[in-house]
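Written below as structure tokens is the structure these notes are about.
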Amino acid sequence: MPLMHPLLRRNYGQWKWHDRPRPGVLHHVARSGEEVWTVRAGTQRQLDVYSIRTLCEIADTHADGFLRFTTRSNVEFMVGSADRVAPLIESLGEHGFPVGGTGPSVTMISHTQGWLHCDIPATDASGVVKSLMDSLHHEFTHEEMPNQVKITTSCCQINCGGQGDIAINIQHTKPPTINHDLVAQVCERPAVVARCPTAAIRPAVVNGKPSLEVDEKKCVCCGACFPPCPPMRINDPVHSKLAIWVGGKHSSTRTKPSFHKLVAAGLPNNPPRWPEVTEVVHNILGAYKANARPFERMGEWIGRIGWPRFFELTGLPFTKYHVDDWRLARPSLNASTHVYF
Amino acid sequence: MPLMHPLLRRNYGQWKWHDRPRPGVLHHVARSGEEVWTVRAGTQRQLDVYSIRTLCEIADTHADGFLRFTTRSNVEFMVGSADRVAPLIESLGEHGFPVGGTGPSVTMISHTQGWLHCDIPATDASGVVKSLMDSLHHEFTHEEMPNQVKITTSCCQINCGGQGDIAINIQHTKPPTINHDLVAQVCERPAVVARCPTAAIRPAVVNGKPSLEVDEKKCVCCGACFPPCPPMRINDPVHSKLAIWVGGKHSSTRTKPSFHKLVAAGLPNNPPRWPEVTEVVHNILGAYKANARPFERMGEWIGRIGWPRFFELTGLPFTKYHVDDWRLARPSLNASTHVYF
Amino acid sequence: MSKPMPATPMLDQLESGPWPSFVTGLKRLAESEDKQYAPMMKDLLGQLERSYETRTGYWKGGTVGVLGYGAGIIARFSEIAEEFPESAEFHTLRIIPAPGTHYSAESLRQICDVWEKYGSGLIALHGQTGDIMLQGCRTENVQPCFDELNEMGFDLGGAGAGIRTSISCVGHARCEHSCYDEAKAMRLIVNNFLDDIHRPSLPYKLKFKFSGCANDCSNAVHRSDFATFGTWRDDIRVDQQAFKAYVEQNGRKWMIDNVIRLCPTDALSLNDDDSLEVDNASCVRCMHCINVLTKALNPGRDRGVTVLIGGKRTLKVGDLMGTVVVPFMPMKTDEDYEKLLGVAQRVLDFFVDNALEHERIGEMVERIGLVNFLEGIELDLDPNMISHPRANSYVRMDGWDEEVAKWRERKAAPAPAAE
Amino acid sequence: MSKPMPATPMLDQLESGPWPSFVTGLKRLAESEDKQYAPMMKDLLGQLERSYETRTGYWKGGTVGVLGYGAGIIARFSEIAEEFPESAEFHTLRIIPAPGTHYSAESLRQICDVWEKYGSGLIALHGQTGDIMLQGCRTENVQPCFDELNEMGFDLGGAGAGIRTSISCVGHARCEHSCYDEAKAMRLIVNNFLDDIHRPSLPYKLKFKFSGCANDCSNAVHRSDFATFGTWRDDIRVDQQAFKAYVEQNGRKWMIDNVIRLCPTDALSLNDDDSLEVDNASCVRCMHCINVLTKALNPGRDRGVTVLIGGKRTLKVGDLMGTVVVPFMPMKTDEDYEKLLGVAQRVLDFFVDNALEHERIGEMVERIGLVNFLEGIELDLDPNMISHPRANSYVRMDGWDEEVAKWRERKAAPAPAAE
Ligand code: SRM
Ligand code: SRM
Ligand code: SRM
Ligand code: SRM
Ligand code: SF4
Ligand code: SF4
Ligand code: SF4
Ligand code: SF4
Ligand code: SF4
Ligand code: SF4
Ligand code: SF4
Ligand code: SF4
């Protein structure tokens with residue numbers, strides 16, 4: 311544990327309680343009586359060494375030379391007395407790192423790779439995250455939400471981002487187009503056939519060469535065939551859209567963990583700032599902030615007020631695509647007289 | 311509406327509130343100010359004309375010549391003043407009709423046909439119901455349960471009885487045996503093949519005659535093949551067992567309607583009094599009565615205290631058969647850290 | 381010399397105990413030497429005793445009917461008729477009772493009289509679907525028995541692949557919770573479909589049930605293909621004085637534990653002055669608070685029904701509950717009732733055209749998808765029909781913009797009645 | 381003359397706004413003319429701008445590795461290398477950080493130093509699975525870069541069909557809710573499986589995640605195949621004085637609305653003297669009350685873990701949450717930790733033997749059934765593993781008596797540790 315702040319090392323497993331003196335600051339008290347203040351700040355995750363060295367300097371100057379990163383790419387500095395908090399915050403501010411992301415705030419968005427690095431993305435992650443976090447700066451630096459808001463992004467339908475209170479995902483809307491000349495060369499055909507969740511792919515001979523063909527009636531445009539067979543182009547600058555999902559939750563706190571549910575789709579893939587996405591996200595956050603009760607996560611809130619009211623409050627359209635027709639669809643139907651007016 | 315008690319006719323759709331002055335008696339007040347007392351009594355459902363005429367006499371003497379039956383084969387007499395209740399109850403008592411079944415009591419068990427009339431039963435319904443209601447007499451005539459208890463029976467796995475707080479159902483445990491000589495003659499083979507939920511039946515030629523055969527690995531012993539093809543004997547005096555299910559609910563009151571869940575199986579089909587069934591039912595009712603909170607239906611109670619505790623309180627064994635493996639099994643697994651100790 | 385009573389040592393054990401005994405009833409019929417059915421009931425007892433001994437049923441089906449009807453009689457022939465010849469034929473006549481199963485003593489006695497003449501004297505009040513079941517009739521007696529009952533105004537109920545007999549809860553007749561006239565709705569629909577009851581030619585059975593509220597005293601949600609429930613759209617009516625009286629009488633803790641805390645959507649709050657606050661927008665009309673506080677709370681005045689489709693029992697996919705297809709339909713004027721009938725008619729037509737043989741409507745909806753079904757029966761999609769939107773991305777949505785346009789159009793239009 | 385900066389009008393728009401800009405960072409790297417990576421980062425910016433313009437990605441995969449390792453490097457070759465030759469190769473090295481992602485400024489600077497020498501200067505802290513991602517390395521530099529990092533004590537993380545890099549929540553290091561030593565458990569397991577991280581030969585990837593309690597700050601329940609959560613078996617520890625202080629400070633209504641009413645199993649009750657009553661038998665260890673009342677409530681002392689198996693994302697059946705396979709395992713002594721490792725080992729072995737190619741363990745469990753899986757990994761069945769028993773009768777249960785005997789035997793035996 312040499313990389314851990316000595317205060318944490320000393321009180322390892324011996325913490326007693328905590329509170330949050332202000333947004334971005336946690337205060338933990340150990341059984342030993344020792345106390346630690348943690349200051350949390352946002353980063354761009356995709357960090358250049360200059361920015362990292364800046365964080366190291368801040369650690370050296372203000373925080374005993376230690377720092378850690380959270381599961382959401384926020385950085386945290388620990389100090390042993392209350393009076394060291396303000397200068398630390400000031401320094402972070404000077405260097406452009408927003409302090410916040412604690413308690414009932416909107417914390418950093420889970421960040422995936424996108425065009426910057428991945429081989430299968432339909433959109434960028436860094437750009438989407440930056441655009442959204444810019445617009446959510448107030449919500450990051452203030453604790454004004456009913457509970458924590460965890461937003462996730464994914465830059466293809468593989469979905470490396472996890473479940474989120476709000477998830478911003480790619481949704482392809484057309485079956486893959488196939489470059490038949492390349493299939494024989496680069497794709498292991500039986501493996502590709504096996505990957506398709508709807509058995510829509512079958513081996514075929516095209517232009518005299520072994521290739522694959524897709525039954526467009528069965529295809530659900532999931533893109534699972536693309537990674538093992540890049541000639542099956544699923545990404546499309548126009549038809550790969552963004553979709554917004556809400557109510558995912560990992561914690562078993564109060565309610566059981568839940569999957570996020572589709573609410574908006576058909577949003578254009580619109581770099582560099584994806585304004586349509588930002589708009590929908592703010593719309594949803596606004597409704598949640600104004601209407602949910604304390605401690606209700608997004609999905610818990612909707613569970614109480616009902617989906618009809620969610621669509622009403624947000625003005626989002628409700629379509630046939632919202633109605634599940636995949637396996638396990640039956641439990642998603644309303645099998646009761648519980649109806650909201 | 312000439313068959314309806316005039317008091318009800320006059321106040322049709324104009325009732326204001328009700329209460330229950332005592333077990334077996336409802337008191338409804340109309341907007342007009344008129345009041346009606348209803349006395350409810352149990353019957354054997356499978357009624358001989360003598361018993362019916364007795365009920366008619368009681369109606370004539372005490373209840374203005376009208377009566378009705380409930381969805382659970384209880385009989386109800388309506389009177390227009392409180393002082394007519396006691397003589398009515400007395401008369402019912404004299405004639406052996408137990409007064410009760412209202413409010414948080416155990417009301418009459420839903421009754422199916424069994425050996426008395428059906429062509430596919432593995433057990434009797436009349437005998438099971440009579441045996442149980444004898445033993446539940448106190449619970450029928452008193453309102454000591456947390457909420458209403460609706461028990462259902464079914465005399466084969468077709469299950470004409472509905473969902474119940476407790477359901478007593480047949481569970482076959484061996485695949486059908488086939489009388490191959492008769493199949494060609496009496497069964498429409500493609501229809502039978504189509505009925506099997508697991509596609510376990512296939513056409514076959516046996517002893518030179520067209521017949522059917524069952525893949526015993528796939529067969530789930532549901533008995534669905536038996537009604538359209540009686541030579542596929544599923545009923546078996548030893549291997550057709552009784553099983554107990556709990557937590558079914560039709561009402562959307564508080565919680566959504568729910569299906570009952572398997573708790574006990576392998577109970578012998580033991581006429582004339584099925585003591586093993588009675589024992590399990592009493593065991594479950596006892597735990598419910600002692601532990602549930604007011605207004606909790608059976609399934610709601612277990613939902614709160616958890617299935618581990620249910621099995622603990624009742625001492626019923628928990629086996630691999632309790633774990634669902636049919637379609638939609640996934641949502642029945644515990645996908646959370648919610649664990650009871 | 382009269383036929384001797386069979387020895388029934390096992391059945392005899394069912395004569396003791398406080399609950400009325402069907403065995404005693406059967407024996408009394410068997411011992412009614414002056415009645416035509418005595419010999420039949422002796423053999424019936426004999427056969428039943430045999431079943432108890434061997435744990436085996438001895439009836440087989442067959443086809444028996446009355447003129448002009450294709451259903452309503454459940455034919456039963458004994459497989460051991462050699463031994464018990466008198467009850468060799470023991471058919472059931474399913475008879476439709478009055479809605480709410482109300483009887484005058486007189487009408488009930490008349491039924492008994494006819495049945496004593498033609499049948500066994502054994503009547504089930506009632507079958508699980510709601511029929512009066514006159515159990516035990518020889519083939520030759522079925523027609524005359526039916527004729528006499530028919531003259532009294534009774535008709536045969538359903539059986540086979542047709543519309544079945546329907547039930548409604550006691551509702552309007554004696555229940556303050558009732559939000560529409562269940563009996564009226566049921567009569568309208570059943571009368572309209574009489575032909576499909578009597579001459580079954582559907583893919584499979586179809587059941588209607590009518591409950592006046594979410595308490596579902598008719599078991600509609602799971603035991604009917606077409607389930608109609610009373611509900612309301614406006615606010616719960618609260619008599620605050622009466623509410624406070626409850627608090628005073630039972631205490632605040634009682635009120636919190638038994639009412640406030642049990643609201644499924646936390647729509648209730650106890651104010652500091654012991655009055656009640658209801659968040660009606662979050663109320664799902666579950667009835668609980670109204671059930672408990674009968675003197676203080678009542679359903680609102682803007683009443684109507686919610687319709688669920690597809691409840692059924694076990695065969696072949698496992699039990700199904702119904703699914704909401706009409707969140708709300710007002711149920712005030714005769715036209716409103718006609719509209720409900722219209723929905724029923726469209727559902728029936730679609731079922732006939734699209735279900736596979738022996739497929740219940742719930743299975744069909746599952747097979748073709750709710751959305752296609754709604755389109756088929758010309759009902760608009762509504763978020764009340766689902767518990768939650770899809771949690772998976774496995775769907776091709778290139779028609780998104782069009783669907784959004786449809787929704788916006790509907791939202792802009794004045795609310796249609798059948799929504 | 382140095383390579384000119386590419387025009388990046390679209391990316392430039394991502395430099396404004398209050399959130400730290402990755403574009404500014406990329407540009408700074410590209411403009412570091414004294415650094416070997418400047419040309420590479422210029423072309424990287426050029427290619428990225430192109431992606432923004434065309435809404436198309438331009439990377440393709442490939443195979444690049446270091447000696448003795450079959451994973452840990454994500455190879456990226458540009459499809460438009462003719463135009464952007466300097467960033468034609470832009471591989472990522474996945475590096476395992478310390479548990480809890482703690483750093484001394486010194487260690488972090490050292491990483492930067494190495495990376496400046498061999499790579500692009502771009503580092504993601506951290507990847508969603510928990511790796512330090514050193515992004516942008518030429519093929520030739522991969523090995524020397526790794527060698528230097530390895531010398532510092534760092535090792536490559538997972539990729540491909542192997543065990544992946546693992547994460548644990550901050551837990552014991554700075555959280556009072558933590559019920560076991562997450563970092564210790566993680567280190568033990570990961571070190572044991574290093575070979576399966578570095579030489580992937582499983583049917584498909586397998587992820588471990590470790591959360592100290594039900595709050596699941598490591599997203600284990602859905603984002604890992606093997607998820608370990610801290611919990612406790614005895615009673616919640618209540619400091620009634622501190623509890624009353626909360627009531628006094630915030631009011632009873634606040635306490636009822638925010639704590640009592642939100643307990644998922646109604647296990648909490650507010651006594652009339654403003655003390656708290658906990659029905660521990662109905663508590664499901666959800667953490668809510670403890671989260672809110674940090675000064676008054678704490679997990680019990682009889683601590684251990686709950687293990688869930690099978691969480692994963694979308695491919696090919698739709699997302700799955702994990703399923704409980706170990707309701708409780710004490711986690712106090714070193715032997716306890718070894719037992720957890722034992723479970724992990726059995727799970728891994730069973731996965732290797734039974735999963736189809738490209739099948740995650742959650743899909744496998746679904747395919748073969750939970751019961752068979754439990755037998756395979758030698759764990760006893762427990763009702764805590766299900767939300768409810770089966771609601772359908774479609775099962776052949778002729779082994780009932782044997783299964784009952786098994787259960788009784790187990791109940792009679794002293795409780796085994798790994799239950
Ligand atoms: C630092 C971090 C752990 C780490 O190892 O890095 C962390 C730290 C704490 N979490 Fe967390 N959580 C962290 C990620 C998570 C995640 C995962 C994620 O964000 O991707 C979850 C699960 C989210 C989900 O359900 O999908 C998570 C769900 C919680 C919860 C449950 C909230 C709920 O009501 O559902 C609590 C309880 C609470 O808020 O009191 C919690 C509570 C806490 C506490 C209060 C624990 C403590 O006593 O120290 C810590 C401060 C929280 C705060 O921000 O106010 N933490 N916490 C993570 C910070 C992420 C960030 O930078 O924003
Ligand atoms: C008479 C009858 C209707 C009829 O048309 O015949 C009836 C009558 C009443 N029911 Fe019912 N229910 C009747 C069968 C049902 C059924 C169906 C069944 O028993 O098979 C159910 C659904 C059961 C289920 O969920 O599976 C049913 C679920 C309810 C409920 C919901 C209880 C709950 O909390 O889940 C209430 C509400 C209440 O108890 O206050 C209710 C309430 C009532 C009230 C209080 C309504 C009223 O205000 O008049 C009536 C007196 C109830 C009592 O017994 O104290 N009735 N009630 C039925 C009597 C059956 C019997 O003889 O035992
Ligand atoms: C008589 C009755 C039981 C009783 O004693 O009350 C009954 C008896 C039979 N039912 Fe039933 N069902 C009766 C109510 C029900 C109910 C309850 C209800 O209607 O509320 C159900 C569950 C709800 C439903 O419809 O799913 C029910 C679900 C079935 C099924 C399963 C249907 C399914 O899709 O799962 C069958 C099998 C079939 O139709 O092939 C069935 C088939 C039968 C048959 C016709 C068996 C056969 O194939 O020969 C039984 C004739 C028995 C006889 O000899 O009279 N019976 N059956 C009930 C009808 C009396 C009446 O008309 O009032
Ligand atoms: C880098 C990273 C996203 C990020 O920017 O943080 C990532 C990137 C990729 N993921 Fe992922 N996944 C990353 C975390 C995840 C997670 C989150 C987690 O681990 O908590 C998930 C969801 C959880 C899970 O495991 O299911 C995830 C689910 C997938 C899947 C879907 C697996 C499934 O069974 O559904 C794939 C597809 C596959 O494996 O075939 C995938 C495949 C990929 C590939 C290898 C795409 C490919 O086939 O070429 C991506 C390489 C991108 C690149 O160029 O670096 N990635 N991936 C994350 C790993 C960084 C790290 O090592 O720390
Ligand atoms: S979500 Fe898709 S595009 Fe984004 S990093 Fe993961 S695999 Fe790559
Ligand atoms: S996109 Fe998905 S559904 Fe369509 S062919 Fe490819 S794998 Fe199959
Ligand atoms: S449950 Fe089976 S045996 Fe009993 S009446 Fe219904 S179909 Fe006949
Ligand atoms: S009993 Fe059921 S599963 Fe077995 S063969 Fe018959 S229909 Fe098929
Ligand atoms: S369903 Fe509702 S309206 Fe009908 S009798 Fe029951 S409580 Fe009354
Ligand atoms: S009717 Fe049900 S949902 Fe509505 S307020 Fe009352 S208890 Fe709550
Ligand atoms: S999962 Fe629990 S123990 Fe771990 S950091 Fe989060 S709250 Fe603390
Ligand atoms: S930990 Fe959760 S389940 Fe347990 S008492 Fe607290 S709120 Fe209730």
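Chains as they are written, first to last, in the numbering used here: chain A, 311 to 651; chain B, 311 to 651; chain C, 381 to 799; chain D, 381 to 799. Even for Gly, the Cβ is constructed at its ideal location relative to N, Cα and C.
query	result
Give me the Cβ distance between VAL416 (chain A) and ILE478 (chain A), rounded to the nearest whole Å; I'm assuming they're in contact under 8 Å.	Not quite, the Cβ-Cβ distance comes to about 13 Å (not below 8 Å), so this is no contact.
Measuring straight from C-alpha to C-alpha, what distance separates GLU386 (chain A) and ALA553 (chain D)?	13 Å
Check whether the region 466–477 of chain B and the region 592–609 of chain C are in contact - that is, three or more C-beta pairs closer than 8 Å.	yes
Measuring only between beta-carbons, confirm whether PRO641 (chain B) sits less than 8 Å from chain C.	no
With distances taken from each beta carbon to the nearest heavy atom of ligand 10, which residues come in below 6 Å, in chain order?	C:CYS643, C:PRO644, C:THR645, C:ALA647, C:LEU648, C:VAL658, C:CYS663, C:VAL664, C:ARG665, C:CYS666, C:MET667, C:HIS668, C:CYS669, C:ILE670
Pick from D:GLN620, D:VAL550, D:GLY450: whose alpha carbon is nearest that of GLY540 (chain D)?	D:GLY450
Against chain D, with Cβ distances strictly below 8 Å, would LEU572 (chain B) count as a contact?	yes
Which stretch, first to last residue, makes up the alpha helix (DSSP H) that contains TYR598 (chain B)?	585–601
Can we count ASN595 (chain C) as close to ligand 9, meaning its CB is less than 7 Å from some heavy atom?	yes
Using DSSP's beta-bridge definition, name the partner residues of VAL339 (chain A).	A:TRP327, A:GLU345
Contact criterion: CB-CB distance below 8 Å. Does HIS315 (chain B) meet it with respect to chain D?	no
Please report how far the alpha carbon of TRP325 (chain B) lies from the alpha carbon of ARG607 (chain B), in whole angstroms.	26 Å
Is it buried or exposed, VAL496 (chain A), if we count other Cβ atoms within 10 angstroms and call 16 or more buried?	exposed
Flag this pair as touching only if the region 696–713 of chain C and the region 761–774 of chain D have three or more C-beta atom pairs under 8 Å; answer yes or no.	yes
Based on DSSP bridge pairs, tell me the residues matched to TYR417 (chain D).	Looking at the DSSP assignment, TYR417 (chain D) forms no beta bridge with any residue, so it has no partner.
May I ask you to list the residues that DSSP assigns as paired with ALA351 (chain B)?	B:VAL385, B:VAL409
Closest to LYS497 (chain D) by CA distance: which of D:ASP527, D:VAL403, D:GLY441, D:TRP634 is it?	D:ASP527
Between the Cα of ASP546 (chain A) and those of A:LEU365, A:GLY334, A:HIS448, A:PRO431, spot the shortest distance and give me the residue it belongs to.	A:PRO431
Between the region 770–786 of chain C and chain D, which residues of the former have CB atoms less than 8 Å from a CB of the latter, in chain order?	ALA771, ASN772, SER773, TYR774
Quick check on this structure: which residue in D:ILE577, D:GLY592, D:SER591 has the alpha carbon closest to the alpha carbon of LYS585 (chain D)?	D:ILE577
Can you tell me whether ARG554 (chain D) sits near ligand 1, meaning its C-beta is under 7 Å from at least one heavy atom of the ligand?	yes
Is there contact here, the region 611–618 of chain D with the region 717–736 of chain D, by at least three beta-carbon pairs under 8 Å?	no
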